[in-house]
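Only one structure is covered here, and it is reproduced in the block below.
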Amino acid sequence: MAKVGQDIFQAKGIDRSLFCAQCCYNLKTRPIIGRCPECGSSYDARGSCRRGILEDQIIHWPVGDFFLTLITAAISAVMIVVAIMKSAYWYFVWGVPMLLMACLLARGTYVKTRQSVRTIRLLRQAARSEDDAD
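First residue of the sequence shown? That's 2 in my numbering, and the numbers climb one at a time after it.
Structure (structure tokens):
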């Protein structure tokens with residue numbers, strides 16, 4: 002983009018309450034293109050006021066992932082206990098990798114849940130600020 006175009010975007014500023022997706026800082030009156038002064042994340046609000054890190058997100062609770070994690074962990078724990086009690090080598094061969102898979106599933110479920118909570122917090126804060134502006 003030409004220097005003139007960048008100057009126009011920088012001079013205009015964001016005219017409504019928009020929040021940084023990383024730290025929930027209100028970017029109102031900030032330049033349309035820039036960095037969040039709170040956390041340093043770059044943002045770009047050109048075109049529409051919801052682009053880049055400002056994009057709306059659909060909230061998905063990872064319920065299926067949670068149950069899959071529980072089932073995988075339970076089956077792998079049973080297989081390892083059976084392997085110890087009966088000295089069955091093949092239960093170890095399948096039980097240990099399943100336990101590792103359960104750990105990876107648990108980590109993924111945690112990350113998805115944390116992102117959903119952040120999104121809900123951001124949406125509530127935006128709704129509160131819009132209510133205050135009215």
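From the three backbone atoms N, C-alpha and C, an ideal C-beta is built for every residue, glycine too.
Cβ of residue i versus every heavy atom of the ligand FMN: is any distance shorter than 7 Å?
| i | result |
| --- | --- |
| leucine 106 | Summarising the ligand content, the structure contains no ligands, and the ligand FMN is consequently not present. |
Which partner residues of residue i appear in the DSSP bridge assignment?
| i | result |
| --- | --- |
| isoleucine 34 | Asp45 |
| phenylalanine 93 | Per DSSP, none; premise fails for phenylalanine 93. |
Tell me the residue span of the alpha helix (DSSP H) that contains residue i.
| i | result |
| --- | --- |
| lysine 87 | 64-87 |
For residue i, count neighbouring C-beta atoms within 10 Å of its own C-beta (all shown protein chains included) and say buried if the count is 16 or more, exposed if not.
| i | result |
| --- | --- |
| leucine 105 | exposed |
| tryptophan 91 | exposed |
| phenylalanine 68 | exposed |
| threonine 73 | buried |
| threonine 70 | buried |
| isoleucine 33 | buried |
| serine 77 | buried |
| alanine 46 | buried |
| glycine 53 | Any answer about glycine 53 is weak, because its pLDDT of 46 lies below 50 and its placement is not dependable; what the coordinates show is given next. Its Cβ having fewer than 16 others within 10 Å, glycine 53 is exposed. |
| alanine 103 | buried |
| methionine 80 | buried |
| cysteine 40 | exposed |
At a cut of 8 Å, does the region 116-124 reach the region 96-103 through at least three beta carbon pairs?
no
Between the region 60-70 and the region 102-119, do at least 3 Cβ pairs fall closer than 8 Å?
yes
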